[in-house]
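Using our numbering, read the sequence shown as starting at 16 and increasing by one per residue.
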Amino acid sequence: AHVGLATELAAAGERAGARVEQEAALALRPDYAPALYGLGVLAQEDGRRDEAIELYRKALASLPGLAAAELNLGGLLAQSGNVVGAAQCFERVLALDPEHADARTNLAQLLFAMGEPEAARVELERVVAVHPAHGTAWVVLGELAEARGDHVAALAALERGLAGPRRLDAARLLCWILASAAEAELRE
Numbered sequence: 016a017h018v019g020l021a022t023e024l025a026a027a028g029e030r031a032g033a034r035v036e037q038e039a040a041l042a043l044r045p046d047y048a049p050a051l052y053g054l055g056v057l058a059q060e061d062g063r064r065d066e067a068i069e070l071y072r073k074a075l076a077s078l079p080g081l082a083a084a085e086l087n088l089g090g091l092l093a094q095s096g097n098v099v100g101a102a103q104c105f106e107r108v109l110a111l112d113p114e115h116a117d118a119r120t121n122l123a124q125l126l127f128a129m130g131e132p133e134a135a136r137v138e139l140e141r142v143v144a145v146h147p148a149h150g151t152a153w154v155v156l157g158e159l160a161e162a163r164g165d166h167v168a169a170l171a172a173l174e175r176g177l178a179g180p181r182r183l184d185a186a187r188l189l190c191w192i193l194a195s196a197a198e199a200e201l202r203e
């Protein structure tokens, strides 16, 4: 009951109340993974990265395979520069669900950042083959195509990415590609 109420309170913007309810759940059961995860989300949203990492790790120790905790932990580890730890989190999610679009897309972004664009492309193409409306995967495919100088493929991918949650990223990169193309034409 406490975790359900905490979720409702957090959705309504009542973060302090959500924290109180999550902590009440933990008072009853100190290793209760949903409450640990919920507190991790609150800590992450408040910018308390180290606390969030610790809470996600505790949630996963209590309930291995909690995909949402693995994804959030992986994202925080990637932000802190621990790409190996981040990749391990995403791979654990993929071991449970090989077609998990967010885990595979996050892994692809890590591969791209680590200088492995071909491996990243393969992962992303697998995502869009199964989840053709996954906007983030399309945006990253557009970034990969642009990085290799394939403006046509970048534009096509980014056009698909405009429908997703990273549509602003897609729009910015589209504008940059179009401006670069126009500038190149002016030079000719």
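Cβ atoms here follow ideal geometry from the backbone N, Cα and C, with glycine treated the same way. Small disclaimer: the values here were computed from a predicted structure and weren't measured.
Cα-Cα separation, residue i to residue j
{"i": "Val154", "j": "Ala178", "result": "10 Å"}
{"i": "Ala118", "j": "Leu201", "result": "42 Å"}
{"i": "Trp191", "j": "Asp165", "result": "14 Å"}
{"i": "Glu66", "j": "Glu60", "result": "11 Å"}
{"i": "Arg34", "j": "Leu126", "result": "35 Å"}
{"i": "Val99", "j": "Gly19", "result": "34 Å"}
{"i": "Leu170", "j": "Ala128", "result": "21 Å"}
{"i": "Pro113", "j": "Gly90", "result": "18 Å"}
{"i": "His17", "j": "Ala152", "result": "36 Å"}
{"i": "Leu205", "j": "Asp46", "result": "Since the first residue shown for the chain is 16 and the last is 203, residue 205 is missing from the structure and cannot be characterised."}
For residue j and residue i, believed in contact at Cβ under 8 Å, the rounded distance
{"i": "Arg142", "j": "Thr120", "result": "For the sequence presented, residue 142 should be read as Val rather than Arg. Right, the Cβ-Cβ distance comes to about 5 Å (below 8 Å), so this counts as a contact."}
{"i": "Glu106", "j": "Leu122", "result": "7 Å"}
{"i": "Ala185", "j": "Leu173", "result": "5 Å"}
{"i": "Gly150", "j": "Arg187", "result": "Between Arg187 and Gly150 the Cβ distance is about 14 Å, and since that is not below 8 Å, they are no contact."}
{"i": "Ala101", "j": "Ala93", "result": "4 Å"}
Residue i - DSSP class collapsed to helix/strand/coil
{"i": "Gly164", "result": "coil"}
{"i": "Ala148", "result": "coil"}
{"i": "Pro13", "result": "Only positions 16 to 203 of the chain appear in the structure, and residue 13 is not among them; the question remains open."}
{"i": "Leu81", "result": "coil"}
{"i": "Gly19", "result": "helix"}
{"i": "Ala171", "result": "helix"}
{"i": "Leu193", "result": "helix"}
{"i": "Ala178", "result": "coil"}
{"i": "Asn97", "result": "coil"}
{"i": "Tyr47", "result": "coil"}
{"i": "Ala204", "result": "Given that the chain is displayed from residue 16 to residue 203, the structure contains no residue 204 and the question cannot be resolved."}
{"i": "Gly55", "result": "helix"}
{"i": "Gly157", "result": "helix"}
{"i": "Glu203", "result": "coil"}
{"i": "Asp61", "result": "coil"}
{"i": "Glu131", "result": "coil"}
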